[in-house]
Amino acid sequence: IFSRKEAGRDIWEELEELLISADLGAKITERLLEKLRRQLSSRELQSPDRVMSALREELLDVLGPSSKGLCVDGSPAVFLMLGVNGTGKTTTIGKLAWKFRQEGRRVLLAAADTFRAAASEQLEVWGRRVGADIIKHQPGADPSAVVYDAVSAAVARGADILLVDTAGRLHTKSNLIEELKKIKRVLGKVKPGLPQETLLVLDAYTGQNAIYQAREFHQQLELSGLVITKLDATAKAGALIGIVEEMGLPIKLIGVGEGIEDLQEFNPSAFVKALLE
Amino acid sequence: ILTNKLQTVFKQLRGYGRLTEANIQEALREIKLALLDADVNYKVVKLLLQRVQEKAVGQEVLASLSPGQQVVKIVHQELVELLGQSYRKPRLASHPPTIFMLVGLQGSGKTTTAGKLARHYMSEGYRPGLVAADPYRPAAAKQLEVLAQELGIPCYSPLEGESPKDTCLRAVREAELQNFLIIDTAGRLHINQELMEELQGLKKALSPHQIMLVVDAMMGQEAVRVAEGFHNQVGIDGVVLTKQEGDARGGAAISIRAAIGRPIQFIGVGERLDALEPFHPERIASRILG
Ligand SMILES: Nc1nc2c(ncn2[C@@H]2O[C@H](COP(=O)(O)OP(=O)(O)OP(=O)(O)O)[C@@H](O)[C@H]2O)c(=O)[nH]1
Ligand SMILES: Nc1nc2c(ncn2[C@@H]2O[C@H](COP(=O)(O)OP(=O)(O)OP(=O)(O)O)[C@@H](O)[C@H]2O)c(=O)[nH]1
Ligand SMILES: [Mg+2]
Ligand SMILES: [Mg+2]
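Those protein sequences? They're chains C and S, same order as listed.
The first sequence begins at 153 in the numbering used here and counts up by one.
The second sequence begins at 312 in the numbering used here and counts up by one.
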C-alpha cells in the first residue's frame with residue numbers, strides 16, 4: 153500500500169500528502185492550502201513551481217526571522233532544559249556545554265534529574281567530555297535543592313553558564329509540572345531574572361502531541377524558546393509550524409545527531425526546504 | 312468527541328432509512344480529521360476510509376443507533392480489526408534461555424522497557440537476566456544495572472572494548488540460573504546502515520525468540536517508515552508502545568500495525584518498572600477516535 157503512486161492526482165492532493173506526512177497536522181494543512189488557492193491568481197495556480205514557492209513563502213512567514221541567539225549575559229546565565237521523556241535534554245546539554253567551552257566560557261552543569269536511573273552518571277560523562285564541573289545530589293534528592301546548590305556554586309566559582317538538566321516528564325502530570333515550577337521559583341529567588349532561558353526540548357519524530365506539550369509547558373512555565381532534536385534523520389518536525397503560529401516561541405537550537413558537535417542554530421529556510429522535499 | 316461531531320453531521324438524517332454515499336462523505340471527512348489528528352499515517356487513513364465507506368453505504372440505519380453512532384461503530388470495528396483481535400503473547404523458547412531483543416529509535420524507552428519486561432516475566436515464574444548491549448550512550452550500562460539491581464537480577468554489561476555481540480554471547484554462556492535474557496540495544500536510526508547491520512549481526516549470532524520494536528506512543532507520521540525500516544532490515548516480531556499514559560492518542564499503533572502487520576504486545580504506562588500492560592486493541596481504538 154505504501155509504495156504505489158496513484159496516477160492522476162492533482163497538485164493539491166500531492167501537497168496535502170506532503171504537508172500532513174511532515175506532521176503539520178490536518179487542520180493547518182487545510183488552512184494553508186486554502187489560503188494559497190485564494191491568494192494565487194488562476195494562472196499562477198496552473199504552475200506547480202509558483203504554488204510551491206508561494207507555499208515556501210507562507211511557511212517562512214510563519215516561522216519568522218532566524219533564531220535570536222541564546223541569552224549568555226549574566227553571571228551565571230542559567231539555562232533550564234525541560235521536556236517529556238527521552239527527547240534529548242541531557243545530550244543537548246552536553247552539546248551546548250561543549251559549544252560554550254569552545255567559546256572559552258566557564259560552564260557548570262546541574263544534575264537536577266534525581267529520579268531516572270543513572271541520570272547524573274550520564275551527565276557526568278558529558279561533563280568530563282567537555283571540561284565542565286557538575287553539581288549533583290544522591291538519587292531521590294529534591295531537584296530544587298540541586299538547583300539551589302548549583303547556582304550558589306556557579307556564583308562562587310565565577311561560572312559564566314549554568315546548564316540545568318531536569319528529568320523527563322509528561323506535561324499531563326501536574327505534580328511533575330509543579331516540581332519544575334518550584335525549580336523556577338528557587339532560581340528566581342536567588343536572583344531575579346533567573347533562569348535567562350527556559351527551553352523546551354522537542355523530538356522531531358513527535359506528531360501532533362508536540363503542540364499539546366508546547367502549549368502546556370509554555371502555559372505553566374513560560375518558555376523562552378524551543379530546541380528540536382533528531383532532525384538528522386527522516387522526521388521533518390512539521391508540528392513546529394503550528395507551535396510557532398500559536399505561541400510565537402523562537403526555535404533556538406536544533407539537534408542533528410548524537411555527537412558532541414551535532415548542535416546547530418535554527419535556520420528557517422533550510423528547515424522549510426527540507427520540509428518540502 | 313468524534314461521535315458528537317458525527318451527530319451534528321447526521322442531524323439532517325433524521326427519518327432517512329439508509330446511509331447513502333452522499334451523507335457519508337461529510338462523516339468521512341470528520342473521521343479523516345480525527346484520525347490524522349491522532350497521528351495515524353496519511354496513507355493508512357485513506358485505506359481505512361475506503362473500507363469504512365464500503366461497509367457503511369447501503370447499511371440499514373439500526374433502530375438502536377443514530378446514523379452518526381453507526382458510522383463510528385463501523386470505524387471502531389475497522390480499527391480493532393486492524394489492530395488485531397486481542398492480546399497476543401510473545402513467543403517463548405521451548406528450551407531455555409528465551410532471548411528477547413529490544414530495538415528502536417533513540418529515546419523510545421528500550422532500556423526502561425527491558426526492566427519492565429524482566430519484572431513482568433519474573434511474575435510469570437521466569438528468572439530473567441538483563442544484557443546491556445549499548446556501548447555508545449553515556450552510562451547506558453549503568454542505567455540497566457540500576458534497574459537490574461532494583462529487581463535483584465543479574466545484568467551483563469560490556470567489558471572494556473567488548474562488542475555488543477560478544478557481550479550477548481558471553482551472557483548466554485554465563486547465564487546459569489537465568490532462563491530468560493532480555494537484550495537492550497542502543498537507540499539507532501532506521502537509516503543508519505552500519506547500526507542496522509549491527510542488529511543483523513546480533514540476530515544471526517543469538518537467534519532471539521522475540522525481537523521487539525519499542526516505539527514512542529507520541530510518534531507522528533514517520534512511524535510507518537521507521538517500522539518498515541526496522542522490519543525490512545532486521546525483522547520485528549512484536550511492538551511495545553511506550554509513554555501511553557499521557558495524552559498522546561497513539562495513532563502510530565495503527566500505522567505500524569498496517570505497515571508491518573506485527574502485533575502490539577505491551578504498552579508502557581509510566582516510568583516505574585511496574586508500568587507495563589498487555590495491549591488491548593479496543594482501548595486504543597476508542598482513544599484514537601477521541
Ligand atoms: N539521532 C539523534 N539522536 C539524539 C539527538 N539528541 C539526542 N539523541 C539521542 O536520544 C537519546 C535520548 O537522549 P537523552 O539526552 O538521554 O534524552 P533525555 O531527554 O535527557 O531523556 P530523559 O532524561 O530520560 O527524559 C540518546 O540516545 C541520545 O543520543 C539528535 O539530535 N539526533
Ligand atoms: N512517561 C513514561 N516514560 C517512559 C516510559 N517508558 C520509558 N519512559 C522514559 O523515557 C525516557 C527514555 O527511556 P530509555 O529507557 O532511556 O529509552 P531508550 O530507548 O533506552 O533510549 P536510548 O538508549 O538512548 O535509545 C526515560 O525518561 C524513561 O523513564 C513510559 O511508559 N512512560
Ligand atoms: Mg535526561
Ligand atoms: Mg537505552
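No residue lacks a Cβ here, since even glycine has one placed at the ideal position from N, Cα and C.
Can you pull the chain S neighbours of residue i, defined as C-beta to C-beta under 7 Å?
i      : result
K343/C : Going along chain S, no residue has its Cβ under 7 Å from K343/C, so there is no contact; the nearest lies around 31 Å.
A435/C : Given a span of 153 to 429 for chain C in the structure shown, any question on residue 435/C remains unanswerable.
K382/C : Q417
A269/C : Q454, V457, L458
In chain C, which residues lie with their C-beta within 7 Å of the C-beta of residue i?
i      : result
P449/S : Q274, V277, W278
M529/S : T358, G359, N361
D350/S : G359, Q360
G557/S : L322, T324
Y353/S : E169, I172, S173
L413/S : Those do not exist, as L413/S stays about 14 Å from chain C at its closest Cβ, beyond 7 Å.
Using C-beta distances below 6 Å, list every residue in its chain close to residue i, excluding the 5 sequence neighbours before and after it, in chain order.
i      : result
Q417/S : G498
A387/C : A356, Y357
E593/S : V391
G226/C : Q348
I342/S : V386
D175/C : G359, G390, A391
E132/C : Since the first and last residues shown for chain C are 153 and 429, residue 132/C lies out of range.
W250/C : V282, I412
L584/S : G426, K427, R430
Counting only the same chain and skipping the five closest in sequence on each side, list residues whose C-beta sits under 8 Å from that of residue i.
i      : result
R402/S : H520, Q521, D548
D294/C : T266
I567/S : L524, V526, A534, V535, A538, V550, R573, I575
G557/S : A528, M529
L238/C : One point to set straight first is that residue 238/C is Gly, not Leu, in the sequence displayed. Cβ within range, chain order: G320, D355.
R454/C : Outside the shown range of chain C, which is 153 to 429, sits residue 454/C, and nothing can be said about it.
Can you name the residues of chain C whose CB is closer than 8 Å to the CB of residue i?
i      : result
S405/S : The contacting residues do not exist; S405/S stays about 33 Å from chain C at best.
L344/S : A178, K179
For residue i, list the residues DSSP reports as bridge partners.
i      : result
F411/S : I493/S, Q521/S
Y467/S : V442/S
V382/S : None, per the DSSP bridge assignment.
F369/C : In the DSSP output, where bridge partners are listed per residue, F369/C has none listed.
D317/C : M233/C, A263/C
I403/C : L378/C
M530/S : T358/C
G512/S : DSSP lists no partner for G512/S.
Could you pull out every residue in the same chain whose Cβ sits closer than 7 Å to the Cβ of residue i, ignoring the five residues on either side in sequence?
i      : result
S376/C : E349, T350, L351
F154/C : Note that F154/C has pLDDT 42, beneath the 50 cutoff, so the model's placement of it is unreliable and the number below is only indicative. Taken in chain order, the list of residues that qualify is empty.
A367/S : L330, I335, V382, I385
L332/C : L234, T318, L373
E332/S : V368
V356/S : K343, L346, L347
L360/S : L339, I342, K343
S419/S : G498, V525, V526, D527, T553
Starting from the beta carbon of residue i, find every residue of chain S whose beta carbon is closer than 9 Å, and list them in chain order.
i      : result
E410/C : Q417, Y447, R448, G498
Under 9 Å between beta-carbons, which chain C residues line up against residue i? List them in chain order, please.
i      : result
G420/S : N237, G238
L600/S : By Cβ distance, chain C contributes nothing, its closest Cβ being about 15 Å from L600/S, past 9 Å.
E509/S : The premise fails here: E509/S is roughly 15 Å from chain C at the closest Cβ pair, so nothing lies under 9 Å.
Taking residue i as the query, report the chain S residues whose CB atoms sit under 8 Å from its CB, ordered along the chain.
i      : result
A391/C : G531
D285/C : Neighbours of D285/C on chain S: none; closest Cβ ~16 Å, over 8 Å.
D317/C : In chain order: nothing, as chain S lies at least about 12 Å away.
Legend entry - Cβ-based contacts, 7 Å cut-off: residues of the region 355-388 of chain S near chain C: L358
Inset, instruction - May I ask you to list, following chain order, the residues of the region 164-189 of chain C that have a beta carbon less than 9 Å from some beta carbon of chain S? - result: Within the region 164-189 of chain C, contact with chain S at the beta-carbon level (separation under 9 Å) is assigned to E168, E169, I172, S173, A174, D175, G177, A178, K179, T181, E182.
Inset, instruction - Decide yes or no for the touch test of the region 521-533 of chain S against the region 348-356 of chain S: beta carbon pairs closer than 8 Å, at least 3 of them. - result: yes
Legend entry - Stretch pair the region 297-306 of chain C + the region 470-487 of chain S: three plus CB contacts closer than 8 Å: no
Inset, instruction - Determine which residues of the region 449-463 of chain S have a Cβ less than 7 Å from any Cβ of chain C, and write them out in chain order. - result: P449, A450, K453, Q454, V457, L458
Inset, instruction - Using a Cβ-Cβ cut-off of less than 8 Å, list which residues of the region 537-564 of chain S approach chain C; keep chain order. - result: V537, E539, K554, E556, G557, D558, A559, R560, G562, A563
Legend entry - Chain-ordered residues of the region 293-304 of chain C with a beta carbon less than 7 Å from chain S: none
Legend entry - Contact between the region 448-466 of chain S and the region 557-566 of chain S (3+ Cβ pairs under 8 Å): no
Legend entry - Touch test, the region 421-435 of chain S against the region 217-231 of chain C, Cβ-Cβ under 8 Å, three pairs minimum: no
Legend entry - the region 186-198 of chain C in contact with the region 395-414 of chain C per 3-pair CB rule at 8 Å: no
Inset, instruction - Report yes or no: do the region 576-583 of chain S and the region 439-448 of chain S share at least 3 C-beta pairs separated by less than 8 Å? - result: In short, these stretches do not touch, since the Cβ pair count stays below three.
Inset, instruction - Please confirm if the region 202-209 of chain C is in contact with the region 179-192 of chain C, defined as three or more CB-CB distances below 8 Å between the two stretches. - result: yes
Inset, instruction - Compile a chain-ordered list of the residues in the region 205-233 of chain C whose CB is closer than 8 Å to at least one CB of chain S. - result: none
Inset, instruction - Name, going along the chain, the residues of the region 577-600 of chain S whose beta-carbon falls closer than 8 Å to a beta-carbon of chain C. - result: E582
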